[in-house]
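Report on the structure given below.
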Amino acid sequence: MNESRPAKSRQPNGASSIFQGKDGRWHGYVTVGVKDDGRPDRRHIGRKTRAEVTKAVRELERQRDMGSARKAGQSWTVKTWLTHWVENIAAAHVSENTIDGYRVAVYHHLIPGLGAHRLEKVEPEHLERFYKKMQENGSAAGTAHQTHRTLRTALNEAVRRQHLTSNPASIAKAPRVEEEEVEPYTVEEVQQLLAEAAKHRNTARWVIALALGLRQGEVLGMQWDDVDFELGVIRVRRGRLRPRYDHGCGDRCGRKPGFCPQKINTRRETKNAKSRAGQRPIGVPEELLQLLRRHKEDQARERIVARDLWAEKGYVFTSPTGEPLNPNTDYHKWKELLKAAGVRDARLHDARHTAATVLLILGVSNAVVDAIMGWEPGKSARMRRRYQHLTSRVLKDTAAKVGGLLWGTDQTTGSAALDAGQSPVPAELVVHVARLGERRVPFLHREHADEVVARWSEDWPDHPAEVEEWDRWRWEHQGPGGASALRDRMPERAVVFHARALFLPGGERAATGFPERWSVSAWEFETDRYIDRASAWRTARRPGLGQEVEAQVRGTDKDAVEAAFAEACAQAVDRARNPGKYGDTDEW
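In my numbering, each residue's number is its place in the sequence shown (first place is 1) plus 483.
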């Protein structure tokens, strides 16, 4: 009798397989999912030894099980992915200025330097060598750093779409950038600049930069509707964009588009400020308001001279024909002003550093500085460190105050008697009051008040909410709760679940137009303090002809509220059927 041969073992469908091929190499196949056409996505791995291919197969299986296996589809190179990302993904979701920066990094640096790499084969060491080569070839460290940030953003999107399992740019060491210390202009230098600016057209443009610290785009995008002469306020709402030109001659002039005699601007002139902090009112000194009034009169005369060449667009600072100023032209005018005033050369943005430092010299509170400069909560402290510079005047004033405290010598001008009605509390001791509807909640820290107002506005969009600034003395003497109400931490916020039902006298459930279940956000400082209980319920007979019984439940634990609601409804039914049992009538 012949012995039966054992049946060949066969791997189940979808299982990984490892075998040695006729070429002598070891091969592995791993099923990681399904392709777009419905066929299994089976990946091949080839190695010299069985141990190597087994290790690689197990790693791919681990990635598959964790959901981090690379997505099937197009095999991207760095060039094809960056081109697709910058033109089809980023361009639709970022501002014009941002996409310009991305395109320079992609087309001028990344594609020439790294474009031939397979996307999944890029290693952190490739990037670090590339950044070093950029700097050796003359690129500044800041340019290399900006290129790194662009690549990191692009590869993060590739990871999110599962074209990569990890981002090598997040691992690679970014080029080191030494932040150059900016030396703001002294008060005397600012006065020289203002004196020289008075001799030139658009005088008020430079006064605004040096006195208020507005960004270049904010000044050039300002319109007369933004200037309230009665209140003495400028409202920052938008920024000027750099023009982008195309040929209007069909590219026959042989010049760059910006120098074409028939050039066409293909970009909008302004964009709205992107953050709530950027859209801000700024108080204007009376002297500057007078300059703006004179500037408006000068512009009216230019309008008459230009006649039909004038383009009425409402801008405060314009060309002689009413067009908004080009940022490049504005930059060159700044350089001419520096040279004519006989002061050292500096960037136009250094005027903003100067304005911030002047506010520091004047002792203006941090909250007011943030509002004037347009810095967002959470970033303001870092921005103040960057823009407010400890000049010799600041250091001398500080040393004088320390001497007065330790040795009793009063070397500052602050020893004069307080003006009548002036608060004895220093101006920097500000209470940040979150006004939430009719309630006012005081905080020591601006970021806490801003956070509460932001969340409150999301929860109650129809109720007014804003941050008010009170000095410490005023709040402690006039605010509800006084000093004991001041908060030095972020308050607790909870979601409170509600349930409600109405029953007719016979126990039948009544149909109402109100929701049966809902939830609201509540803060610990709210007057109805019920947010610390998992659940609480009650039943009550409603007054009136119907004599319905209402069941109400609320609490912070959803499951506990659900359980309590069943209990409350049971009691409400019994109460509706037996009113005397609960003292609702005398019959029992």
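Think of the CB as a built atom: it goes at the ideal place given N, C-alpha and C, for glycine as much as any other residue.
Spatial distance of residue i from residue j (CA atoms)
i     : j     : result
L647  : L638  : 8 Å
G989  : Y1065 : 15 Å
I747  : W689  : 29 Å
N811  : S802  : 13 Å
D589  : G741  : It should be pointed out that residue 589 corresponds to Val in this sequence rather than to Asp. Going from the Cα of V589 to the Cα of G741 covers about 22 Å.
V914  : R955  : 6 Å
E959  : A948  : 22 Å
R938  : E666  : 39 Å
G797  : P944  : 33 Å
I501  : R644  : 29 Å
Y512  : K562  : 29 Å
L774  : A687  : 6 Å
S499  : R525  : 9 Å
L808  : D520  : 55 Å
R1016 : A1051 : 16 Å
N580  : Q706  : 21 Å
V515  : E544  : 7 Å
R976  : R547  : 39 Å
E606  : R970  : 49 Å
S940  : G920  : 10 Å
D791  : A783  : 14 Å
H683  : G584  : 33 Å
E752  : E770  : 30 Å
K816  : E619  : 34 Å
Residues near residue i in its chain [Cβ-Cβ closer than 6 Å; skip 5 each side]
i     : result
L878  : For L878, the pLDDT reaches just 46, beneath the cut-off of 50, and the residue's location in the model is therefore unreliable, leaving the point undetermined.
R718  : D709 and P764
S1002 : V978 and F980
C736  : C743
A932  : H915, A917, F926 and V950
V642  : N650
A574  : I582
E672  : V826
E806  : A794
R727  : T749 and R750
DSSP-derived helix/strand/coil call for residue i
i     : result
S649  : coil
A1005 : strand
Q762  : coil
N811  : helix
D1033 : As written in the sequence, residue 1033 is Glu, which differs from the Asp given in the question. Three-state result, E1033: strand.
N639  : helix
Y512  : strand
D709  : helix
L985  : strand
P1062 : helix
V589  : helix
R541  : helix
V916  : strand
D1057 : helix
A692  : helix
R835  : helix
Cβ neighbours of residue i in the same chain (closer than 7 Å, five flanking residues each side left out)
i     : result
T560  : G598, A599, H600, R601 and L602
E611  : A655 and K656
A903  : Model confidence at A903 stands at a pLDDT of 35, short of 50, so the residue's coordinates are unreliable; what they give is reported in the following sentence. Nothing meets the Cβ criterion.
R586  : V569
L565  : V589, L593, I594 and A637
S1018 : V1036, G1038, D1040, A1043, V1044 and A1047
Residues near residue i in its chain [Cβ-Cβ closer than 8 Å; skip 5 each side]
i     : result
Q675  : A824, G825 and V826
Q1054 : T1022 and A1034
Q503  : W509, H510 and R533
Buried/exposed call for residue i, threshold 16 Cβ in 10 Å
i     : result
D506  : exposed
N755  : exposed
N685  : buried
D813  : buried
E1007 : exposed
P998  : exposed
R542  : Note that residue 542 corresponds to Glu in the displayed sequence, not to Arg. Classification for E542: exposed.
P658  : buried
T1073 : Only positions 484 to 1071 of the chain appear in the structure, and residue 1073 is not among them; the question remains open.
V660  : exposed
G700  : buried
V935  : buried
T896  : Note that T896 scores 43 on pLDDT, short of 50, meaning its location in the model is unreliable; the coordinates nonetheless yield the value given after this. Exposed.
R776  : exposed
F712  : exposed
Heavy atom of the ligand MG within 6 Å of residue i beta-carbon
i    : result
V936 : The ligand MG is not part of the structure shown, which contains no ligands of any sort.
| query | What alpha helix (DSSP H) runs, 4 residues minimum, are completely inside the segment 919 to 977? | reply | 929 to 942 and 955 to 961
| Runs of alpha helix (DSSP H) lying entirely within the segment 728 to 805, each at least 4 residues, in chain order | 769 to 789
| said: In chain order, what are the residue ranges of uninterrupted alpha helix (DSSP H) at least 4 long that sit wholly in the segment 570 to 625? | reply: 579 to 586, 594 to 597 and 607 to 619
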